[in-house]
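Student: Sharing a structure with you now.
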Amino acid sequence: MTLHQILFIVISIAVLASAVFVVTTRNLFHAALMLILSFFGVAGFYVLLEAGFFAVAQVLVYIGAISILFIFAVMLTRGMMGMPRNNSQAQGAALVAAAIFVGMAFVLGPLAATVQVPFLPNSSPREIGGIPWAYSTLPVVPDQYVFDLGRALTEPSRFALPFELASVLILLAMVGSIWVARERRPAEVQAERVEAANAAAEDTKLEEALERGSVSSAPEPAVAVAAADHH
Amino acid sequence: MVDGVLNGIPLHWYLLVASALFCIGLYGVLGRKNAIAMLMGVELMLNAVNINLVAFWRYIRPDDSAGLAFVVFVFVVAAAEAAVGLALIISVYRNLKNVDPDSLDQMKF
Amino acid sequence: MDIINNLLKIVGDAIYTFLHNLIPSPFIADLIVMGLAAIILCTFAAVSFMGLTYAERKIVARIQDRIGPNQAGPFGLLVPIADGIKMFTKEDTTPTAADRWVYNLAPLVIATFALAGYAVIPLSPGVVGTNLNVGLIYTIAIGSGSVVAILMAGWGSNNKYALLGAFRTVSQLIGYEVPMLLNIIPVVLMTGSLSLVDIVNKQSGLDGGTGIPFAVYFPVAALVFLISGIAETARSPFDLLEAESEIVAGFHVEYSGMKFALFFLGEYVNALAVAFMFATLFLGGYAGPVLPPYVWLLIKAAAVFTILMWLRGTMPRIRVDQMHDMNWKFLVPISVFNLITVLLLGKIFTTPGSVGLITVAPLTQAIIMAVATLVPFIGALNLVGRRMRRQLAAVESETETRREANRATAAAAMGGTH
Numbered sequence: 168m169t170l171h172q173i174l175f176i177v178i179s180i181a182v183l184a185s186a187v188f189v190v191t192t193r194n195l196f197h198a199a200l201m202l203i204l205s206f207f208g209v210a211g212f213y214v215l216l217e218a219g220f221f222a223v224a225q226v227l228v229y230i231g232a233i234s235i236l237f238i239f240a241v242m243l244t245r246g247m248m249g250m251p252r253n254n255s256q257a258q259g260a261a262l263v264a265a266a267i268f269v270g271m272a273f274v275l276g277p278l279a280a281t282v283q284v285p286f287l288p289n290s291s292p293r294e295i296g297g298i299p300w301a302y303s304t305l306p307v308v309p310d311q312y313v314f315d316l317g318r319a320l321t322e323p324s325r326f327a328l329p330f331e332l333a334s335v336l337i338l339l340a341m342v343g344s345i346w347v348a349r350e351r352r353p354a355e356v357q358a359e360r361v362e363a364a365n366a367a368a369e370d371t372k373l374e375e376a377l378e379r380g381s382v383s384s385a386p387e388p389a390v391a392v393a394a395a396d397h398h
Numbered sequence: 141m142v143d144g145v146l147n148g149i150p151l152h153w154y155l156l157v158a159s160a161l162f163c164i165g166l167y168g169v170l171g172r173k174n175a176i177a178m179l180m181g182v183e184l185m186l187n188a189v190n191i192n193l194v195a196f197w198r199y200i201r202p203d204d205s206a207g208l209a210f211v212v213f214v215f216v217v218a219a220a221e222a223a224v225g226l227a228l229i230i231s232v233y234r235n236l237k238n239v240d241p242d243s244l245d246q247m248k249f
Numbered sequence: 021m022d023i024i025n026n027l028l029k030i031v032g033d034a035i036y037t038f039l040h041n042l043i044p045s046p047f048i049a050d051l052i053v054m055g056l057a058a059i060i061l062c063t064f065a066a067v068s069f070m071g072l073t074y075a076e077r078k079i080v081a082r083i084q085d086r087i088g089p090n091q092a093g094p095f096g097l098l099v100p101i102a103d104g105i106k107m108f109t110k111e112d113t114t115p116t117a118a119d120r121w122v123y124n125l126a127p128l129v130i131a132t133f134a135l136a137g138y139a140v141i142p143l144s145p146g147v148v149g150t151n152l153n154v155g156l157i158y159t160i161a162i163g164s165g166s167v168v169a170i171l172m173a174g175w176g177s178n179n180k181y182a183l184l185g186a187f188r189t190v191s192q193l194i195g196y197e198v199p200m201l202l203n204i205i206p207v208v209l210m211t212g213s214l215s216l217v218d219i220v221n222k223q224s225g226l227d228g229g230t231g232i233p234f235a236v237y238f239p240v241a242a243l244v245f246l247i248s249g250i251a252e253t254a255r256s257p258f259d260l261l262e263a264e265s266e267i268v269a270g271f272h273v274e275y276s277g278m279k280f281a282l283f284f285l286g287e288y289v290n291a292l293a294v295a296f297m298f299a300t301l302f303l304g305g306y307a308g309p310v311l312p313p314y315v316w317l318l319i320k321a322a323a324v325f326t327i328l329m330w331l332r333g334t335m336p337r338i339r340v341d342q343m344h345d346m347n348w349k350f351l352v353p354i355s356v357f358n359l360i361t362v363l364l365l366g367k368i369f370t371t372p373g374s375v376g377l378i379t380v381a382p383l384t385q386a387i388i389m390a391v392a393t394l395v396p397f398i399g400a401l402n403l404v405g406r407r408m409r410r411q412l413a414a415v416e417s418e419t420e421t422r423r424e425a426n427r428a429t430a431a432a433a434m435g436g437t438h
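Protein chains in written order, with the working numbering: chain W, 168 to 398; chain U, 141 to 249; chain F, 21 to 438.
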């Protein structure tokens, strides 16, 4: 049992246990804290996989920003913490999740290495398109993999365009979330309430018209057009 | 066909853990009543995807940055989606005092 | 001379070989060496915390024209020990209905994150806790991870005011991470690596470095990094949210005794870490002519910390909205502008050995970059100053007109009664 194996087992227990806690607890703040523990575990996985840059990036992005967003959102929607935790379809969801896990374990696990796939003769699932999934002797991570990543992200022939699109995406997300979640002034809140009340009144009128006009279908399009004209 | 082994850890260990994390996140999305808890499930799924990508990068082709670029973009998308999703949930809570997605059915007809 | 210069390295190597000869398994010997190094670093941080509280109280007192503590021991030198005894013997309260796990874990988490930042600072050539090749981002990630502990403290206290204080503190901390990160990028650009050891080597003149500290290259970046660092650790003048004289002391209002001592330690250790980072990134780390390298590093970090204490004693507290205004409307635009300028100039004027348009000596490149970033910065300061003066003049004229009107009505009333 090498040290890496022991570390892997410890970290995977931490990650999976805290993930189970996240999806089964009623107290959302504890769920957010366990989510942070899960993220730390994933950062540990990145360290084991010799991608240290992504370990610190995970801590910086997920724990330093996204988890804080979650905690703020939990705090700002405080009244909903005592509600039942499970959906009406929770058991079905558990069955589906378990079935998918069993299927994936079959394909990805150690047993599948010897199963022959029928429509791809002379190949195993561990070899798709002629590229083996793993070599018996591993290639070495270059010392400057961060440098290579930076080069790849900014070179026009490689990933410069997705990089720019990603920055536009973040800009849109920032502007959009600030606008959607901004504090509205009392006059604005009042105007929104009036508009919502008007829309509700229109909807009830439309429903009544549909009820009355359900005998003959002719007035329906006229009423629908009239209602659309009002807006 | 023998799996690559890095310091005693074969590749499929990482893949199994990542798929377990993915399925736990999937249960979180499908089976929870609170919208914020559903978003936490989505974040778990995205983390599982990232583990998968980095494991494959390390075991198959560590000198090619395409795998790592994919990971960077998953980071970016996860952050943007968490921000927008949580802003929407906060806005819905302010207007309707309710974050249960099952009860937000006013656009059904 | 050589022994004194490499004292840390010689001692470290001696301990390493001693343990490796003593214990047959090299893995356990390595583990023990690393554990010893961690213990030594944490002890250094904790002991310097004690000295720093004493120095701060004395220096701030002198700035405020008083003497400071001088009763506990000669010149008050035993004050930190007296403080420690006081903290240990205070009652350790826990609020009822507080979340016990979260409430008790928060001080531990913040102290852990504060101490973990010392692992990557190079103390001497060849002496560093661990030479991470992403050491710079590691420090920033540790800083942003400690924000979670503040939220835990605020929520675990089961106190509305603690929660509000925690929110405001967190908004300040994550707000000031942006200029911090933006101003580290020019340093990384010049070095070509994220490792702190490489950054210090580049500034020190050895191994092909230029021998010019990065503060000469980017004075604006250094200044804004220092300001962001002060705001990150919530020290004065940014400490409205958790100052001792405020009625509600922010997120740590419900903590007393040893747990509060851990928060206190976290704040000072964080401030010292900011001082060390500034010394490493912008002042050249352990590079220096005559004295041993670790003495130079201590001198530089102490100088930066003295500036922090000087600011604490001199400047009034900034209001929360003024602090956010300054961050998002002034520091972030100036940092972005600085970054673009440095990137462009770094490609146009390059040192021999890199690709660029015009090849100049490193000192010329440094002066060009410094001037090109200082001129817009001073221009921006002038613009902001002019706007502030105009606003002040407007307020002054408005008060003056109101005073005139009051005098007129008072004169009319007095004239009427006569």
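Every residue gets a Cβ at the ideal spot worked out from N, C-alpha and C, and that includes glycine. Computed from a predicted structure; not experimentally measured.
May I ask which residues mark the beginning and end of the beta strand (DSSP E) holding P142 (chain F)?
Tutor: Residues 142-144.
Student: Nearest-angstrom Cα distance between V335 (chain W) and G249 (chain F)?
Tutor: Taking the straight line from one Cα to the other gives about 29 angstroms.
Student: Helix, strand or coil: how does DSSP classify F369 (chain F) here?
Tutor: Of the three classes helix, strand and coil, the one that applies to F369 (chain F) here is strand, per DSSP.
Student: Do you know how far the Cα of A158 (chain U) is from the Cα of V214 (chain W)?
Tutor: If I take the Cα positions, the gap works out to 15 angstroms.
Student: What do you get for G296 (chain W), buried or exposed, if any count of 16 or more other CB atoms within 10 angstroms of its CB means buried?
Tutor: Confidence at G296 (chain W) is low in this model, with a pLDDT of 49, below 50, so its placement is unreliable and the value that follows should be read with caution. Exposed, by the Cβ-count rule.
Student: Please classify K441 (chain F): is it buried, with 16 or more other beta-carbons within 10 angstroms of its beta-carbon, or exposed?
Tutor: For residue 441 (chain F) there is no data in the structure shown, the boundaries of chain F being 21 and 438.
Student: Going by the beta-carbon positions, is the gap between I238 (chain W) and V168 (chain F) smaller than 9 angstroms?
Tutor: In contact: I238 (chain W) and V168 (chain F) (Cβ atoms closer than 9 angstroms).
Student: What does a CB cutoff of less than 6 angstroms around K279 (chain F) pick up in its chain, not counting 5 residues either side in sequence?
Tutor: For K279 (chain F), where only same-chain residues beyond five positions count, the Cβ hits under 6 angstroms are P127.
Student: Does S324 (chain W) have its Cβ less than 9 angstroms from a Cβ in chain U?
Tutor: Not an interface residue.
Student: Note down the Cα distance separating L351 (chain F) from A49 (chain F), rounded to an integer number of angstroms.
Tutor: Distance between the alpha carbons of L351 (chain F) and A49 (chain F) is about 48 angstroms.
Student: Can you tell me which of the three DSSP states R121 (chain U) falls into?
Tutor: The displayed coordinates of chain U run from 141 to 249. Any statement about residue 121 (chain U) would go beyond what the structure contains.
Student: With a threshold of 8 angstroms, establish whether the CB of R410 (chain F) neighbours any heavy atom of the ligand FMN.
Tutor: Ligands are entirely absent from the displayed structure, and the ligand FMN is therefore not among its contents.
Student: Per DSSP, what kind of secondary structure is V148 (chain F) in: helix, strand or coil?
Tutor: Three-state result, V148 (chain F): strand.
Student: Nearest CA to the CA of M297 (chain F): which residue from F:V190, F:A281, F:L143?
Tutor: For the residues F:V190, F:A281, F:L143, the minimum Cα distance to M297 (chain F) belongs to F:L143.
Student: Would you say N153 (chain F) reaches chain W, if we count a Cβ-Cβ gap shorter than 9 angstroms as a contact?
Tutor: Yes, N153 (chain F) lies at the interface with chain W (some Cβ there is under 9 angstroms from its Cβ).
Student: In chain order, what residues of the region 160-176 of chain U put their CB closer than 9 angstroms to some CB of chain C?
Tutor: Going by chain labels, chain C is absent from the structure shown, which instead holds the protein chains W, U and F.
Student: Kindly indicate which residue of W:L320, W:V223, W:L373, W:A340 has the alpha-carbon position closest to the one of N153 (chain F).
Tutor: The candidate whose alpha carbon is nearest that of N153 (chain F) is W:V223.
Student: Starting from A340 (chain W), find everything on chain U with Cβ-Cβ shorter than 7 angstroms and list it in chain order.
Tutor: Correct list: A220, A223, V224.
Student: Run down chain W in chain order and give the residues with a C-beta less than 8 angstroms from the C-beta of Y196 (chain F).
Tutor: Simply none; closest approach about 13 angstroms.
Student: According to a CB-to-CB cut-off of less than 8 angstroms, which residues of the region 167-181 of chain F neighbour chain W?
Tutor: Here the close residues are V167, V168, L171, M172, W175.
Student: Does the distance from the CB of E197 (chain F) to the CB of S164 (chain F) come in under 9 angstroms?
Tutor: A contact, by the Cβ cut-off of 9 angstroms.
Student: Counting only Cβ-Cβ distances shorter than 8 angstroms, please list the residues of the region 205-219 of chain U near chain W, keeping chain order.
Tutor: Answer set for the region 205-219 of chain U: S205, A206, L208, A209, V211, V212, F213, F215, V216, V217, A218, A219.
Student: Just mark H272 (chain F) as buried or exposed, buried being the case when its beta carbon has 16 or more other beta carbons within 10 Å.
Tutor: The residue is buried, with at least 16 neighbouring Cβ atoms inside 10 Å.
Student: If you run the structure through DSSP and keep just helix, strand and coil, what is P257 (chain F)?
Tutor: Three-state result, P257 (chain F): coil.
Student: Any beta carbon of chain W sitting closer than 9 angstroms to that of P33 (chain F)?
Tutor: First, the residue type needs correcting, since residue 33 (chain F) is Asp and not Pro in the sequence shown. D33 (chain F) does not count as touching chain W.
Student: When you compare the region 390-401 of chain F with the region 349-364 of chain F, are there three or more beta-carbon pairs, one atom per stretch, that lie closer than 8 angstroms?
Tutor: Judged by Cβ distances under 8 angstroms, the region 390-401 of chain F makes contact with the region 349-364 of chain F, as three or more pairs qualify.
Student: Could you have a look at N90 (chain F) and say whether DSSP puts it in helix, strand or coil?
Tutor: If DSSP states are grouped into helix, strand and coil, N90 (chain F) belongs with coil.
Student: Tell me whether I149 (chain U) sits in a helix, a strand or coil according to DSSP, three-state version.
Tutor: In the structure shown, I149 (chain U) sits in a strand (DSSP, three-state: E or B).
Student: Could you check where the alpha helix (DSSP H) with G165 (chain F) kicks off and where it finishes?
Tutor: From DSSP, the alpha helix (DSSP H) with G165 (chain F) extends over 155-176.
Student: Identify the continuous alpha helix (DSSP H) that holds I233 (chain W) and give its terminal residues.
Tutor: No alpha helix (DSSP H) holds I233 (chain W); DSSP gives it neither H nor E.
Student: Anything in the region 228-248 of chain W with a Cβ closer than 8 angstroms to a Cβ of chain F? List those residues in chain order, please.
Tutor: Under the 8 angstroms Cβ criterion, the region 228-248 of chain W contributes I230, G231, A232, S234, I235, I238, F239, M242.
Student: Please report the distance separating the alpha-carbon of T419 (chain F) from that of A432 (chain F).
Tutor: Cα to Cα, T419 (chain F) sits roughly 20 angstroms from A432 (chain F).
Student: Taking only runs that begin and end inside the region 174-234 of chain F, name each unbroken alpha helix (DSSP H) of 4 or more residues, in chain order.
Tutor: Those alpha helix (DSSP H) runs which fall completely within the region 174-234 of chain F and span 4+ residues are 180-211, 216-224.
Student: Please work out which residues of its chain come closer than 6 angstroms, Cβ to Cβ, to T281 (chain W), disregarding the five sequence neighbours upstream and downstream, and give them in chain order.
Tutor: The pLDDT assigned to T281 (chain W) is 47, lower than 50, so where the model puts this residue is not dependable; a value taken from the coordinates is nonetheless given after this. Within the same chain, T281 (chain W) has no close Cβ partners at all.
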